[in-house]
Amino acid sequence: MSKPSDLVQGTLDLLLLKILALEPLHGWAVSQRLKQVSDDVLQVSDGSLYPALHKLEQQGWIAAEWKTSELGRRAKFYHLTRLGRRQLSSEAANWNRLSTAISQVLGLEEA
Amino acid sequence: MRIEHWLYTLPLRLRSLFRRKQVEIDLNDELHFHIEQRIAQEIEAGKSPKEARSLALRVMQGFEQQKENCRDTRHVALFENRVRDLRYALHALRLSPGFTAAAVITLALGIGANTAIFSLIDTVLIKMLPVKAPQQLFLIGQRLSDHVGVSWSYPDYRAMRDHNSMFDGIIGYDAYPEPMGVQSGNGSEELAHGIFVTGDYFEVLGVPAALGRVFNSADDSAPGAAAYVVLSYTYWQSRFNSDASVIGHRLRINGYPFTVIGVGGRGFSGSDVAYRPELFLPVMMRSQVMHEPFQRWNTRHDHWLAVLGRLKGGVAIPAAEGQLLAIGKSQDEEEGRSLANPKWANTTEPIVLVPAARGHSYFADELKRPLLILFSIVVLVLAIACANVAGLMIAREASRRREVAVRLAMGASRARVLAQLFTEAMLIASAAGALGLLLSLLGARSLLRFVPQPGFAPVTGIDIALDWRMFGFTAAVCVTTGLLFGIAPAWLSTRIDLTGSLKGETARASGWGRITTRKILVVLQVAFSIPLLFTAGLLVRTLGNLRAIDIGMADQNVYIASVNPTLFGYKGQRLRNFYDTLCTRMAATPGVRSASLAEITPLSGSSWNSVVTVQGYTAKAHEDTVFFDDVGPRYFETIGTPILLGRDFTELDNPSQAIELPDHLSPGDKLSDGGGKRVAIVNEAFARHYFGGRNALGGRVSMASGPQAKDFYEIVAVVRDARYFSLRDPAPPMVFVPVWRRFAFGRHLVMRSSNSAVQIESALRRELQKLDPAIPLLGLRSLAHDVDENILVERMVATLSALFGALALALCAVGLYGVVAYNVTRRTREIGIRIAVGSPSHSVIWLVVHEVITMILAGTGLGALVAFLASRAIASVLFGVRTSDPWNLLSAGLILTSIAVIGSLFPARRAVRIHPMQALRYE
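From first to last, the protein sequence lines stand for chains A and B. Each residue of the first sequence is one higher than the last, beginning at 75 in the working numbering. Each residue of the second sequence is one higher than the last, beginning at 3 in the working numbering.
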């Protein structure tokens, strides 16, 4: 299982925001979804997930609501706020710019 | 963006603070849910429940740790801790009500005293006028030989207003207002304080009308044209119950009908902090109200206006002063051309712009030093209170050492423990602040009784209201005191020897720092008290000396009545008859020993000086002016000043017919004095100065100098010196002339009677009713009252300093007793052993008392140093005492020592009675 340090600093926020942009999820589902959509490449440790979610909540990018889960248990569901949507698009744009630049560098022909 | 952010996050923050329990439960549930899901997944993957569980917990990397990490994201820890500290402090204080009450009351007395004095200082010296941009306002004055003259003639005012280019407006108003009789509808006549103002007064000050309109320049156009009155907001509230229909209402002011056109802005009451007019009248109505013909007050020789200008932005003060001087000079020249002798024209002296943002008041200057002295005194009182409470805190903290040690041992940081202790200190300070504010409101009201109140009714004086400035000051004082008295105990408590304290060892083990600190605090209290007692002693003796002065007059049973029929059109012989009849009738009233008339009464604040020529005496510079008064027969008998030589005035010394004051008087015009034999009475000071050892009787004086000196008065009597301006200054040389010798004008009625003031007042009103019901009694006061008023400031400072000195002494005694009693308890074991081995009781007593004496001596030494410095600051308000007088310091030390020794006798007695067996079992 990958450690959180495998994730570039700050990308965890981006990933969480993106996952929650698709649909409201509780913490456990977020971690499962992340693993699943990235074909097991990206994983967030159980330990760092919740502080990260709480931080996003305190920043006003996501909000939470207690709802009954698919298993009939009460769980805390997070969803993106308007503020979070704006944050996601700007962070995504940043990321795209950065990764394109990195790809370009890596794509250089070696002499 | 910012606001939207708060929209989401504020509810979260509030929730974390105030629904803390729910937030914690939610956090717990959320993490548990995750763990359970993980366990379920692992079991599904084939792990045993036990393995699954331990894995789930492991990958969470510490359940509690993650919870704490989540909490950290809330950003409320700092605040949350404060709330927790506050709750804890409240709880702790509730557990020791005695300590809390003692600390709160002690501090409240100190804070209350500070706030009360501050409110006075704020009102008199700091607060800005409630007008537009007050810092642009300047009072226009002239630099005279020994002071700045601030009264101007109307023509001078107009020239400055019309020809300057450096002011956004220049206004004038009555510099010497007098009470006016006001009659509304068919109601009876009442007195009110009114001032005459120029048309642009309100506009330039930037004070809009609260109701109706204020004056404008059209109201300045012609004499008598604008019979309008603007009421002050407070007068409208109190006299007319804030009735809006007052606009258009008719008021008779000194008998002349006026129409109310408006109410001034709320909070505005003129530009003098100590004089709060109730009525504003256009200057152009002065003749109608004061019965002063326009020609008489529209000359450069009648200086009656205070002139205030609003300086344009960017204009340098010297430039403005220069321009005004040039305007004045050209006025001087113009006047000179119109006169037979150009030398009779006025000369404008160099102009001085006096900042008037805080309003102008003679009282402000007079009160400045006394108020600052009082402020220093109350600051010291507060310092003593702080030291006292710090002592209490230390004693209390000693008993809580174990609790603090437990907290430190459990890993609480020193900062957290300190924060906790300071929270407690702040809580005490806040409670004391609230109580102190209450005390100060009561106190400030009674302080006002000591503040000079100009005029007749007290309503016009300085007003003190609770406002945000007082709140702010109290809050600042609270925080400062909280820090001050919190420091020592907090510092001590973190120097705890953990092991010793946890084992429950008593103060003996680490008590050295504590008892020394408490002793230092007591020494400080003594050191602060010494200058207080020292200055209080000086000030009280000053007051005593002033009281003991032989003023050269009777200090009891002399009454002075103000009645002025000139305001109702009386003049000449009619006026003289009115006064003479009133005087004769009052003299005939049972219980009245004698009655007389005088233009000016001693210590009233008024004076009349004139040039003088003494035949046969060559006056040097500054010797040619003396003070004069017009007095009637039996005046000296009435006022209680003995005639040392010669005879009193008689009716026959007056001219047979009254001299009427003409409407217009040009410089150089000679007013007839009716001829006949002119006689005068002089006082000892005059006789001494101008006649040396020779007999002054038969000497001749004139009220003119040089070639004009004719119409000599023959001196027919010499009277004893009596205080004139102030109790502090010996009588100046004075000349008295018969009351109707010069032109007939307003006079005071002086009476000597053992009747009460109420009886005299009703007799006066009865006689006035018979003579002319339209004429009001403008005032009745006793000479003793004028004497009291004259030393009002000294009385205020002496009384308050004595009061605060006593308070300081009481606090000091309590502090001392506390530390001695504590020390006896602490040394019970040691004392017990001493007694057991045969120490005599006097040596045990000495053991306790010598500790006290050491503290007193140390404190007195320090205090004497402070007192020495303080004595320089108060030297100018002292009278008849020297600051270097060793008695003062000695008695202050003695008072403190005796109180301290008496206080320490109780613990000493307890020490003597300690039973050795009991003492040894004590621990």
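Just so you know, even glycine gets a beta-carbon here, dropped at the ideal spot from N, CA and C.
Query raised in the report: Grouping DSSP H, G and I as helix and E and B as strand, with all else coil, what is Q558 (chain B)?
Result: Stepping through the second sequence from its first residue, residue 558 (chain B) is reached at position 556. It is coil, neither helix nor strand.
Query raised in the report: At a cut of 8 Å, does the segment 610-630 of chain B reach the segment 537-549 of chain B through at least three beta carbon pairs?
Result: no
Report task. My understanding is that A347 (chain B) touches E337 (chain B), with C-beta atoms under 8 Å, so please give their C-beta distance in whole angstroms. Result -> Numbered from 1 along the second sequence, position 345 holds the residue referred to as residue 347 (chain B). Numbered from 1 along the second sequence, position 335 holds the residue referred to as residue 337 (chain B). Rounded, the Cβ-Cβ distance is 4 Å, consistent with contact.
Query - Best match in B:R471, B:L646, B:R680 and B:D631 for proximity to L654 (chain B) [C-alpha to C-alpha] - result: As a first step, residue 654 (chain B) must be located in the second sequence, where it is residue number 652. The residue with the shortest Cα to Cα distance from L654 (chain B) is B:R680.
**Report entry** Reference D582 (chain B), options B:S608, B:N611, B:G634 and B:S50, closest by Cα
**Finding:** The residue you call residue 582 (chain B) lines up with position 580 of the second sequence. With distances taken between Cα atoms, D582 (chain B) lies closest to B:G634.
Query - Minimum length 4: unbroken alpha helix (DSSP H) runs contained in the segment 296-366 of chain B - result: 296-299 and 319-340
Query raised in the report: chain A beta carbons: is any one of them nearer than 8 Å to that of E66 (chain B)?
Result: As a first step, residue 66 (chain B) is located in the second sequence; it is residue number 64 there, counting from the start. False, the Cβ-Cβ gap to chain A never drops below 8 Å.
Report task. Name the residue from A:S119, A:L94, A:E139 and A:T155 whose alpha carbon lies nearest to the alpha carbon of G40 (chain B). Result -> By one-based count along the second sequence, residue 40 (chain B) stands at place 38. In the sequence on display, residue 40 (chain B) carries Arg and not Gly. Closest option to R40 (chain B), Cα to Cα, is A:S119.
Query raised in the report: Between B:R73, B:G64, B:G48 and B:L326, which lies nearest to I27 (chain B) when the distance is taken from Cα to Cα?
Result: The count along the second sequence starts at 1 and reaches residue 27 (chain B) at position 25. The candidate whose alpha carbon is nearest that of I27 (chain B) is B:R73.
Report task. Could you confirm whether any beta carbon from chain B is found closer than 8 Å to the beta carbon of Y166 (chain A)? Result -> Stepping through the first sequence from its first residue, residue 166 (chain A) is reached at position 92. Note that residue 166 (chain A) is Ala in the sequence shown, not Tyr. No, A166 (chain A) lies away from the interface with chain B (no Cβ there is under 8 Å from its Cβ).
Report task. Along the beta strand (DSSP E) that carries L282 (chain B), what are the first and last residues, could you check? Result -> Looking up residue 282 (chain B) in the second sequence gives position 280. The question names Leu, yet the displayed sequence has Phe at residue 282 (chain B). Residues L281 to P284.
Query raised in the report: Does DSSP put D164 (chain B) in a helix, in a strand, or in coil?
Result: Here the question's residue 164 (chain B) lines up with position 162 in the second sequence. Correct three-state label for D164 (chain B): helix.
Query raised in the report: Can you list, in chain order, the residues of its chain whose CB lies under 6 Å from that of E763 (chain B), leaving out five sequence neighbours each side?
Result: Taking the first residue of the second sequence as 1, we reach residue 763 (chain B) at position 761. So the qualifying residues of the chain are L782.
Query raised in the report: Once you ignore the five residues that flank S289 (chain B) on each side, which residues in its own chain have a CB closer than 7 Å to its CB?
Result: Taking the first residue of the second sequence as position 1, residue 289 (chain B) is located at position 287. Here the set comprises P225, G226, P295 and F296.
Query - Same chain, Cβ closer than 6 Å to A434 (chain B), neighbours up to 5 away in sequence not counted - result: Taking the first residue of the second sequence as position 1, residue 434 (chain B) is located at position 432. Correct list, in chain order: V106, L109, A110 and I113.
Query raised in the report: Does V129 (chain A) come within less than 8 Å of chain B when only Cβ atoms are used?
Result: Residue numbering aside, residue 129 (chain A) sits at position 55 when the first sequence is read from its first letter. A small fix is needed here, since residue 129 (chain A) is Lys in this sequence, not Val. Interface residue, yes.
Query raised in the report: Which bits of chain B does W102 (chain A) rub up against, with CB to CB less than 7 Å?
Result: The residue you call residue 102 (chain A) lines up with position 28 of the first sequence. The contacting residues are F35, H36 and Q39.
**Report entry** Helix, strand or coil at S598 (chain B) [DSSP, three-state]
**Finding:** For this step, residue 598 (chain B) is matched to residue 596 along the second sequence. It is a strand residue.
Requested in this report: Verify the CB distance criterion: does Y124 (chain A) have a CB-CB separation below 8 Å to chain B?
Outcome: Locating residue 124 (chain A) in the first sequence gives position 50, where the first residue counts as 1. Yes, contact with chain B.
**Report entry** Identified DSSP bridge partners for T627 (chain B)
**Finding:** As a first step, residue 627 (chain B) must be located in the second sequence, where it is residue number 625. According to DSSP, which records beta bridges pairwise, T627 (chain B) is partnered with B:V613.
Query raised in the report: Can you name the start and end residues of the alpha helix (DSSP H) that K129 (chain A) belongs to?
Result: On the first sequence, position 55 is the one that residue 129 (chain A) refers to. That run of the alpha helix (DSSP H) goes D120 to Q132.
Query raised in the report: If you follow the alpha helix (DSSP H) that Q39 (chain B) is part of, which residue opens it and which one closes it?
Result: By one-based count along the second sequence, residue 39 (chain B) stands at place 37. Counting along the chain, the alpha helix (DSSP H) containing Q39 (chain B) begins and ends at R22 to E46.
Query raised in the report: Where I661 (chain B) and V703 (chain B) are concerned, what is the direct C-alpha to C-alpha distance, given to the nearest angstrom?
Result: As a working mapping, residue 661 (chain B) is identified with position 659 in the second sequence. As a working mapping, residue 703 (chain B) is identified with position 701 in the second sequence. When rounded, the distance between both Cα atoms is 21 Å.
Query raised in the report: Can a CB atom of chain A be found closer than 8 Å to the CB of Y824 (chain B)?
Result: As a working note, residue 824 (chain B) is residue 822 in the second sequence. Not one chain A Cβ lies under 8 Å of Y824 (chain B).
Query - chain A contacts from the segment 224-243 of chain B (Cβ-Cβ distance under 9 Å) - result: none
Requested in this report: Measuring alpha carbon to alpha carbon, tell me which of B:I858, B:I255, B:D650 and B:T862 ends up nearest N685 (chain B).
Outcome: In the second sequence, residue 685 (chain B) corresponds to position 683, counting from 1. Ranking B:I858, B:I255, B:D650 and B:T862 by Cα distance to N685 (chain B) puts B:D650 first.
Query raised in the report: Got a sec: is the Cβ-Cβ distance from V61 (chain B) to anything in chain A below 8 Å?
Result: In the second sequence, the residue the question calls residue 61 (chain B) occupies position 59. Output row for V61 (chain B): interface = yes.
**Report entry** Residue-chain proximity (R17 (chain B), chain A), Cβ-Cβ < 8 Å
**Finding:** Here residue 17 (chain B) corresponds to residue number 15 of the second sequence, with the count starting at 1. By this cut-off, R17 (chain B) is not an interface position.
Requested in this report: Give the range of the beta strand (DSSP E) segment to which D170 (chain B) is assigned.
Outcome: As a first step, residue 170 (chain B) must be located in the second sequence, where it is residue number 168. D170 (chain B) -> beta strand (DSSP E) spans F169 to D176.
Query - Residue-chain proximity (E46 (chain B), chain A), Cβ-Cβ < 8 Å - result: Residue 46 (chain B) sits at position 44 when you count from the first residue of the second sequence. False, the Cβ-Cβ gap to chain A never drops below 8 Å.
Query raised in the report: What residue range is occupied by the uninterrupted alpha helix (DSSP H) comprising R912 (chain B)?
Result: Position 910 of the second sequence, counted from the start, is the residue given in the question as residue 912 (chain B). Residues P888 to V914.
Query raised in the report: Any beta-carbon of chain B closer than 8 Å to the one on T142 (chain A)?
Result: Within the first sequence, the letter at position 68 stands for residue 142 (chain A). No - not a single Cβ of chain B is within 8 Å of the one on T142 (chain A).
Query raised in the report: Starting from K92 (chain A) and walking both ways along the alpha helix (DSSP H), at which residues does that stretch end?
Result: Counting from 1 along the first sequence, the entry for residue 92 (chain A) is found at position 18. Its alpha helix (DSSP H) spans residues T85 to L96.
Query - Closest residue to Q558 (chain B) among B:R754, B:R215 and B:L779 (Cα-Cα distance) - result: By 1-based counting over the second sequence, the position of residue 558 (chain B) is 556. Of B:R754, B:R215 and B:L779, the residue nearest in Cα terms is B:R754.
**Report entry** Cβ pair count under 8 Å reaching 3, the segment 525-535 of chain B against the segment 864-882 of chain B
**Finding:** yes
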